[in-house]
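Below is one structure, written out as structure tokens; the observations come after it.
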Amino acid sequence: MASEADVLDLSVEKDRCWLGSAKVDLAHLKFGGEQAGVVARHVSQSNVKWLMDKFETDRCRRLEPQHWIPVAIDQAGFEQILSYNSMTNLSRSLPGRVRKAAAAEWLDPNDQWWVVKFYEINGLSPEAFRSLQEYRDASQELSSGEICWNVMYHQQQGDETKVGEWLARWAGHPTYYRNFNQLQKGSRKAYLIRDALSKLHQFPGLWRSWNMGSLNLLLPMRCPEELSNGLSHIWNVWNRIMGDRPDLLDADSVDSLEGRCPYLSKDDREYIDELFGDGAVFPHFDKAEERELLHRRLMETQTIIPSFRTFIKDAKQLDPIVKLLRRFQPPKYKGTVQEGMKRCYKQPAHDFYVQISEVAHRRERNVECYGFWSAYRQMVLAAMRHFVGLVPGSLPLKMHKVPPSQLQGNPLVLWNQFKNLSSSVGFILRSGPFVRDNGCPPQDGNNDALDTDASHPRLTCNGLRKWSIGSHCGMTDGPSYYSDRKYLYLDNIYSHPGDVPRSQMTSFAVKRNFMLVYFPQFEPRDACPNVEQHRTIVDTDMHNTGMNVEQSYTESTNTDMRDGPAATVSSTGHIRILAGVTPAGLHTDVAITEQDLGWCRMKINLSPGAFAAYYRDIASEVGHKYGVIFDTETSEITCVLDVDSLLNPPWLKSDIWCAPPLHEGHLTIVPPTVVPSDLRRAKLIFIGSTSRQGFQQKLLFPDYISTRIQEATMFPDLKMGTRQWVLISYGELVQL
Numbered sequence: 001m002a003s004e005a006d007v008l009d010l011s012v013e014k015d016r017c018w019l020g021s022a023k024v025d026l027a028h029l030k031f032g033g034e035q036a037g038v039v040a041r042h043v044s045q046s047n048v049k050w051l052m053d054k055f056e057t058d059r060c061r062r063l064e065p066q067h068w069i070p071v072a073i074d075q076a077g078f079e080q081i082l083s084y085n086s087m088t089n090l091s092r093s094l095p096g097r098v099r100k101a102a103a104a105e106w107l108d109p110n111d112q113w114w115v116v117k118f119y120e121i122n123g124l125s126p127e128a129f130r131s132l133q134e135y136r137d138a139s140q141e142l143s144s145g146e147i148c149w150n151v152m153y154h155q156q157q158g159d160e161t162k163v164g165e166w167l168a169r170w171a172g173h174p175t176y177y178r179n180f181n182q183l184q185k186g187s188r189k190a191y192l193i194r195d196a197l198s199k200l201h202q203f204p205g206l207w208r209s210w211n212m213g214s215l216n217l218l219l220p221m222r223c224p225e226e227l228s229n230g231l232s233h234i235w236n237v238w239n240r241i242m243g244d245r246p247d248l249l250d251a252d253s254v255d256s257l258e259g260r261c262p263y264l265s266k267d268d269r270e271y272i273d274e275l276f277g278d279g280a281v282f283p284h285f286d287k288a289e290e291r292e293l294l295h296r297r298l299m300e301t302q303t304i305i306p307s308f309r310t311f312i313k314d315a316k317q318l319d320p321i322v323k324l325l326r327r328f329q330p331p332k333y334k335g336t337v338q339e340g341m342k343r344c345y346k347q348p349a350h351d352f353y354v355q356i357s358e359v360a361h362r363r364e365r366n367v368e369c370y371g372f373w374s375a376y377r378q379m380v381l382a383a384m385r386h387f388v389g390l391v392p393g394s395l396p397l398k399m400h401k402v403p404p405s406q407l408q409g410n411p412l413v414l415w416n417q418f419k420n421l422s423s424s425v426g427f428i429l430r431s432g433p434f435v436r437d438n439g440c441p442p443q444d445g446n447n448d449a450l451d452t453d454a455s456h457p458r459l460t461c462n463g464l465r466k467w468s469i470g471s472h473c474g475m476t477d478g479p480s481y482y483s484d485r486k487y488l489y490l491d492n493i494y495s496h497p498g499d500v501p502r503s504q505m506t507s508f509a510v511k512r513n514f515m516l517v518y519f520p521q522f523e524p525r526d527a528c529p530n531v532e533q534h535r536t537i538v539d540t541d542m543h544n545t546g547m548n549v550e551q552s553y554t555e556s557t558n559t560d561m562r563d564g565p566a567a568t569v570s571s572t573g574h575i576r577i578l579a580g581v582t583p584a585g586l587h588t589d590v591a592i593t594e595q596d597l598g599w600c601r602m603k604i605n606l607s608p609g610a611f612a613a614y615y616r617d618i619a620s621e622v623g624h625k626y627g628v629i630f631d632t633e634t635s636e637i638t639c640v641l642d643v644d645s646l647l648n649p650p651w652l653k654s655d656i657w658c659a660p661p662l663h664e665g666h667l668t669i670v671p672p673t674v675v676p677s678d679l680r681r682a683k684l685i686f687i688g689s690t691s692r693q694g695f696q697q698k699l700l701f702p703d704y705i706s707t708r709i710q711e712a713t714m715f716p717d718l719k720m721g722t723r724q725w726v727l728i729s730y731g732e733l734v735q736l
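Numbering-wise (UniProt numbering), the sequence shown opens with residue 1 and increments by one.
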């Protein structure tokens with residue numbers, strides 16, 4: 001903190017540099033960017049209204065010196081003003097942004113002026129200039145987030161005196177001091193959050209909505225990994241939008257855009273179009289090409305646009321989840337929730353348990369670290385489904401709108417479901433308040449948690465619901481808490497095929513966005529950087545005594561089909577073509593084994609990932625004429641022109657999984673009932689047995705991204721002249 005002598009010296013210096021005062025038209029007052037790193041008071045409607053209300057009750061008092069606006073100007077510029085009694089824009093006005101905006105609305109249009117005090121800029125020391133810039137006039141005080149930004153700025157400059165001056169502005173809020181000091185400590189639960197906040201310091205416009213009081217909730221949650229994910233997501237989104245000019249992000253634009261998702265919502269897209277049409281966002285960008293780039297980046301943002309406000313609201317949804325997970329840990333355990341869950345996790349010996357409903361599951365083979373990743377997220381999703389009955393005092397919003405018949409049932413039943421899931425996925429659960437054999441049945445009449453509705457959850461819908469930020473972040477409401485529970489399972493979150501844009505997002509889409517932000521997708525390089533990126537699929541039906549037969553997908557090899565002999569007709573009447581020797585030295589039969597006018601079936605010697613890569617590239621080159629089913633167990637493809645003509649549709653088997661690839665190559669499970677419509681749209685569907693191989697979300701890797709297109713690779717094509725399916729090379733197909 002500066003001494004009284006220092007304050008006196010600054011006062012004398014400013015008096016020495018004072019040039020004079022004058023009435024100035026408001027239109028001539030211009031405020032530059034953030035100077036010396038200091039966040040100036042942001043102009044928002046709430047700030048302007050606050051000051052206008054003050055004007056109404058006590059007038060604007062623009063002739064009183066304490067309300068005058070300081071302006072830094074050089075001597076030559078000041079003499080020009082005196083000589084010509086006129087001026088251009090005063091771009092070095094210091095504080096007074098809100099005062100100018102309020103005066104422009106409150107004053108009569110013919111009486112738009114204010115008094116400014118001129119200071120000779122070359123005579124001001126940096127300290128005196130900063131003192132003028134940070135002058136606390138009678139307009140509304142900076143928010144706790146804006147003060148925090150300035151404290152962090154002066155910390156980076158190593159100026160502890162200025163840090164102390166800014167901290168003094170929290171004099172009426174002792175908890176802000178305590179929270180700030182906690183962030184400076186070296187504990188893991190503090191430094192992850194502190195470092196993520198420090199990274200966001202480059203975006204001054206975000207900080208108005210940061211509330212230092214929110215740390216009262218965030219730090220005791222003991223989940224810094226998840227909170228750090230949320231803060232990193234804010235940085236990722238705004239860094240992509242702003243590019244190399246993060247300093248030009250203003251607080252009003254953040255307020256206007258937060259919570260919107262133009263990628264999915266047509267209403268949000270139209271709203272943002274209107275903002276750009278009216279020039280209501282990004283006022284610091286005036287070039288048409290820059291604004292067009294910002295507009296395009298916003299429209300391509302695939303998540304809900306985040307801010308500190310959405311982050312703090314989301315923490316209220318995260319809170320009951322981590323409270324429930326902390327029951328796994330000893331009462332005196334002080335580590336983070338995620339670390340505690342790892343301590344009580346036992347890696348399964350073979351494959352991984354993946355719940356697909358309260359009464360069904362599947363098995364998946366993957367790299368070892370996938371086990372904890374999937375198990376932890378399944379427990380989080382279970383907590384999202386059942387926290388009402390298991391976390392005292394935690395309730396969704398608007399519970400009065402929930403019919404009594406829907407209310408959660410016996411908490412002992414819910415806890416037993418939670419306990420059974422935890423042991424199935426690999427956690428060793430400590431004794432807890434609900435863990436005991438009480439003879440409760442697996443469900444009762446008031447508990448609808450065992451809803452087995454397997455319908456595909458939608459991300460978008462058409463409706464007339466009024467938009468609010470609360471419906472796009474934060475604690476869920478009661479009606480959607482109960483209606484969305486049947487969808488909150490791993491595959492629906494991390495393998496969802498996406499949806500077409502409609503007017504609004506669904507409540508499930510908001511919950512899915514929450515999960516993807518705070519509990520991100522599985523990335524082997526991040527989750528297990530020391531593990532080779534491959535996995536092995538074992539067909540248990542082929543295991544005989546003394547044998548170990550495995551089908552492995554590791555590094556991609558060149559196994560393309562080369563030109564072979566001409567087509568022959570087999571004794572069964574099916575067209576059959578024998579391929580030549582593959583580069584691996586193996587003789588492989590590749591043939592159209594069955595066909596009808598509406599479909600054909602063919603053996604293929606491409607891996608699932610390589611075939612998906614070819615199919616993807618055919619789409620970009622020539623488009624698809626037919627849908628394809630790839631059977632991962634038999635290495636057969638079925639090309640379908642007419643779904644209704646297909647004999648023995650494979651998706652009707654009892655133990656089958658069906659999954660189309662997403663654009664980035666991950667597989668996503670879909671109900672068998674949607675396969676016919678996907679085939680009619682010429683989609684590629686992978687199928688396999690749930691009881692033998694099981695489902696693997698990343699079955700297509702690494703071949704999907706490493707395969708090189710070979711023009712000699714053969715694909716089926718229907719020749720209408722002969723009404724028969726024949727093999728045609730990729731090169732010929734592209735030329736058609």
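Idealized CB from N, CA, C, for every residue including glycine.
| Asked | Found |
| --- | --- |
| Per DSSP, MET505 forms a beta bridge with which residues? | THR460 |
| Would LEU699 pass as a contact of PHE715 if the rule is Cβ separation under 9 angstroms? | no |
| PHE695 and TRP657 - do their beta-carbons sit closer together than 9 angstroms? | yes |
| Suppose the cutoff is 6 angstroms on Cβ atoms and the five residues either side in sequence are ignored; what does the same chain contact list for GLU13 look like? | ALA128 |
| Straight-line CA distance for ALA72 to ILE121? | 5 angstroms |
| So what does DSSP say about THR175, is it helix, strand or coil? | helix |
| Assuming residue 790 and MET399 form a contact by the criterion Cβ under 8 angstroms, report the distance between their Cβ atoms to the nearest whole angstrom. | Absent from the model: residue 790. The displayed extent of the chain is 1 to 736, so no value can be given. |
| Under 8 angstroms, with one C-beta from each stretch per pair, do the stretch 498-517 and the stretch 251-266 reach the 3-pair mark? | yes |
| By Cβ distance below 6 angstroms, which residues in the same chain neighbour HIS201 in space, the five residues on each side in sequence not counted? | MET152 |
| Three-state secondary structure (DSSP) at TRP18? | strand |
| In this structure, how does DSSP classify GLU555 when only helix, strand and coil are distinguished? | Any answer about GLU555 is weak, because its pLDDT of 33 lies below 50 and its placement is not dependable; what the coordinates show is given next. The answer is coil: DSSP assigns GLU555 none of H, G, I, E or B. |
| From HIS28 to LEU324, what does the alpha carbon distance come to, in whole angstroms? | 59 angstroms |
| What separation, rounded to the nearest whole angstrom, lies between the Cα atoms of PHE630 and ARG601? | 10 angstroms |
| According to DSSP, what are the bridge partners of GLU594? | ARG601 |
| Check whether the Cβ atoms of SER256 and ALA280 lie closer than 9 angstroms to each other. | yes |
| Run through the stretch 336-372 for me and flag every whole beta strand (DSSP E) of 3 or more residues, listed as ranges in chain order. | 352-357 and 360-364 |
| What separation, rounded to the nearest whole angstrom, lies between the Cα atoms of THR557 and VAL402? | At THR557 the pLDDT is 33, less than 50, meaning the model places this residue with poor confidence and gives no usable figure here. |
| Quick test of your reading: ILE304 and ASN462, contact by CB under 8 angstroms. State the CB separation rounded to the nearest angstrom. | Rounded, the Cβ-Cβ distance is 19 angstroms, inconsistent with contact. |
| Along the chain, where does the beta strand (DSSP E) containing GLY688 start, and where does it finish? | 684-689 |
| Check whether the stretch 205-224 touches the stretch 242-251, taking contact to mean three or more Cβ pairs, one atom from each stretch, closer than 8 angstroms. | yes |
| Which residue marks the beginning of the alpha helix (DSSP H) containing LYS266, and which one marks its end? | 266-278 |
| So for LYS334, helix, strand or coil by DSSP? | coil |
| Per the DSSP calculation, ALA659 is bridged to which residue(s)? | PHE686 |
| Excluding five sequence neighbours on each side, which residues of the same chain lie with their C-beta closer than 7 angstroms to the C-beta of residue 753? | Past the edges of the chain, shown from 1 to 736, lies residue 753, and the structure says nothing about it. |
| Should the stretch 383-393 be regarded as contacting the stretch 411-421, the criterion being three or more beta carbon pairs within less than 8 angstroms? | yes |
| Closest to ALA591 by C-alpha separation, out of ARG377, ASN605, MET379 and THR707, would be which residue? | ASN605 |
| Count the other C-beta atoms from every protein chain shown that fall within 10 angstroms of the C-beta of THR722, then say buried if there are 16 or more, exposed otherwise. | exposed |
| Return the CA-CA distance between ALA349 and PHE522, expressed in angstroms with no decimal places. | 20 angstroms |
| For GLN378 versus LEU421, is the C-beta spacing smaller than 9 angstroms? | yes |
| Determine the burial state of THR690: buried for a count of at least 16 other Cβ atoms within 10 Å of its Cβ, exposed for fewer. | buried |
| Could you give the residue range of the alpha helix (DSSP H) that holds SER144? | 144-156 |
| Rounded to the nearest angstrom, how far is the Cβ of ILE641 from that of TYR626, given a contact under 8 angstroms? | Sequence inspection shows Leu at residue 641; the Ile mentioned does not correspond to that position. Between TYR626 and LEU641 the Cβ distance is about 5 angstroms, and since that is below 8 angstroms, they are a contact. |
| How big is the Cα-Cα spacing for SER209 and SER143? | 8 angstroms |
| Taking only three categories from DSSP, how would you classify PRO565? | Because the pLDDT of PRO565 is 36, which lies under 50, any placement of that residue in the model is unreliable, and the question is left without a value. |
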